[in-house]
Amino acid sequence: MNAAEITLADLDRNPDPILARLRANEPVAWVPALEMWLVTKWDDVAFMEERPDLFSAATEPSFLARALGQNMLTTDPPEHTRLQSIMKPPFRPGGRSGPFAADELPAMAAGIAAAINGPGFDVMTDYAQPLSAGALATVLGLDAHGFDTMWAWCEGLCADIANFENDPALTALGETTKAELGAAISARIVDADEMDGSAIGAFVRDGATPEEIVNNVRLMISGGINEPRDGIGLVTWVMLTDDALRERALADSAALRRLIEEVFRVFSPVGTVTRQATVDLELRGVAIARGDLVAGVLRSVNLDEDHWSDPSRIDLDRREGAHAAFALGAHRCLGEWLGRQEVRVGVEQLFARFPSLRLDPAHEVELHGFEFRGPKALRVLA
Ligand code: HEM
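Each residue of the sequence shown is one higher than the last, beginning at 103 in the numbering used here.
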């Protein structure tokens with residue numbers, strides 16, 4: 103299959119063989135079905151990430167800006183740098199996320215696991231989803247709203263972000279969610295002096311406008327729940343399919359941390375960074391016109407044979423440097439530290455509660471999605 107024949111459905115089903123062919127034959131490929139270039143080699147995506155002046159995040163049109171309002175992921179430096187300096191501190195270990203991960207996250211995970219009644223359950227919906235939603239709600243200071251509401255907000259926003267065919271029902275769902283969530287966030291933005299230690303409190307004190315807070319918290323909710331959820335599901339799944347890896351990871355927390363990195367690398371839950379060319383340019387000898395959309399495919403660069411040895415193998419002793427699952431440039435994931443803690447603590451607490459956890463042989467595990475990829479369900483027996 104050459105690039106002209108690729109469809110989104112093919113990529114959603116199984117992107118890896120398609121991306122391997124593109125890396126070998128058309129590393130900078132125009133894909134008509136997506137109306138964008140796919141860039142699949144590590145060096146080229148690293149170049150894109152180093153040059154926001156050539157590859158702008160402020161794309162026009164922007165599904166992200168339409169669904170959420172203008173936010174840090176739809177702006178370039180220097181405006182982006184200012185927003186990042188306000189939005190990032192609560193997600194570093196020295197901000198709200200540090201004490202949350204150390205003091206509250208293990209109990210939150212243990213509580214959700216304790217409420218699960220076996221023998222069979224779905225790790226994704228019964229555990230990973232409420233844990234990811236609850237963790238982000240607590241750090242942001244939206245915990246009054248509960249797991250289910252956070253999850254419904256996330257789904258409503260994502261439905262509109264991925265509404266490439268402009269389905270009016272999805273637009274309406276997106277608009278309702280955007281307004282409802284906007285009201286909930288606005289209600290939390292009181293006078294800065296009265297704010298608590300939550301991330302929203304820190305944004306107010308650090309001088310973000312109410313509109314900036316609302317739009318960027320919408321961005322955090324649209325991306326900061328699905329991804330740790332998929333991370334917990336993928337790491338759990340890999341551990342349940344490989345006894346030696348599971349034993350090593352459960353016996354040694356350094357090994358579990360390395361396993362998490364390898365799973366993020368091999369499965370890359372976020373598929374691409376999508377940008378717009380600001381000038382006519384050439385990449386690997388291919389002409390890209392000003393205004394074209396260009397997707398740097400993180401999933402592909404994390405498996406690039408010229409960058410990694412035996413790339414598909416999960417190797418806890420690999421020493422080949424950092425992967426690109428959280429991106430490489432100015433927009434590198436703001437929640438990566440918190441996300442990693444959610445996955446690590448989530449997996450530890452799940453296996454602590456269910457030491458004999460195993461895959462349910464009656465249900466095959468199916469991964470789905472290109473832009474966001476994870477298990478549709480992970481049915482297990484306790
Ligand atoms: C743990 C799994 C996660 C993965 C794999 C992941 C992946 C990514 C990637 C690849 C990007 C870059 C997108 C781009 O440049 O187009 C990104 C950005 C971002 N992520 Fe994450 N993410 C994760 C967790 C989180 C969490 C827990 C949050 C919570 C707030 C979060 C919030 C954000 C935000 C706000 C941005 C935009 C940053 C900017 O524009 O500077 N992510 N993430």
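Built from N, CA and C at the ideal position, the CB exists for glycine as well.
Gly393 has its alpha-carbon roughly 42 Å from the corresponding atom of Gly248.
Ala397 and Cys260 have their C-alpha atoms spaced approximately 19 Å apart. Assigned with DSSP and collapsed to three states, Glu468 falls in coil, not helix or strand. Within the stretch 236–264, not a single complete beta strand (DSSP E) segment reaches 3 residues in length.
Relative to ligand 1, the beta carbon of Gln186 is positioned inside 6 Å of a heavy atom. Judged by DSSP secondary structure, Ala353 falls outside any beta strand (DSSP E) and instead within the alpha helix (DSSP H) spanning Asp345 to Ala353.
Asn317 is positioned such that its CB atom lies closer than 7 Å to that of Gly171.
Check the Cα spacing between Met226 and each of Val381, Asn328 and His425: the tightest is with Asn328. Here the alpha carbon of Ala254 sits roughly 20 Å from the alpha carbon of Gly437. Secondary structure in the stretch 297–385: the beta strand (DSSP E) runs of 3 residues or longer, each lying completely within the stretch, are 374–379 and 383–385 in chain order. Per DSSP, the beta-bridge partners of Met138 are Val133.
Val375 is positioned such that its CB atom lies no closer than 7 Å to that of Ala289. Using a C-beta cut-off of 8 Å, the stretch 162–182 makes no contact with the stretch 409–422, since fewer than three inter-stretch Cβ pairs fall below that distance. Around the C-beta of Thr142, 16 or more other C-beta atoms lie within 10 Å, and the residue is accordingly described as buried. Take Gly431, set aside five residues on each side of it, and the residues of its chain with a beta-carbon closer than 6 Å to its own are Glu151, in chain order.
For Trp339, same chain residues with a beta-carbon under 7 Å away, outside a window of 5 residues either side, are Val467, Pro477 and Leu480 in chain order. Following the DSSP letters along the chain, one finds Leu395 inside the beta strand (DSSP E) bounded by residues Leu395 to Val399.
DSSP places Arg123 inside the alpha helix (DSSP H), whose first and last residues are Pro117 to Asn127. Taking the C-beta atoms as reference points, Gly243 is found nearer than 7 Å to Ile302. If the five residues before and after Val241 are omitted, its C-beta is found closer than 6 Å to the C-beta atoms of Arg198, Ser199, Phe202 and Ala301, all from its own chain and listed in chain order. Sequence-distant partners of Val147 (beyond 5 residues in either direction) whose C-beta falls short of 6 Å from its own C-beta, in its chain, are Val141, Gly398 and Val403. When Cβ pairs closer than 8 Å are counted between the two stretches, the stretch 373–391 is seen to touch the stretch 120–132, the count reaching three or more. Shortest Cα-Cα distance from Leu110 to any of Ala122, Ala135 and Asn104 involves Ala135. Annotated three-state conformation of Leu461 is strand, per DSSP. Residue state for Gly200 is assigned as helix, using DSSP reduced to three classes.
Distance check between Val447 and each of Pro330, Asp419, Lys190 and Val306 places Pro330 closest, using alpha-carbon atoms only. Counting of Cβ neighbours within 10 angstroms places Glu162 among the exposed residues, the total staying below 16.
Shortest Cα-Cα distance from Gly236 to any of Phe456, Glu450, Gly441 and Ala160 involves Gly441. Listed in chain order, the non-local C-beta contacts of Asn265 below 8 Å within the same chain comprise Phe165, Ala169, Leu272, Thr273 and Gly276, local neighbours out to five positions each way being set aside.
If you look at Leu483, you'll find it in the beta strand (DSSP E) that goes Arg481 to Leu483. In the DSSP secondary-structure assignment, Val388 is bridged to Leu385.
Relative to ligand 1, even the nearest heavy atom lies 6 Å or more away from the CB of Gly303.
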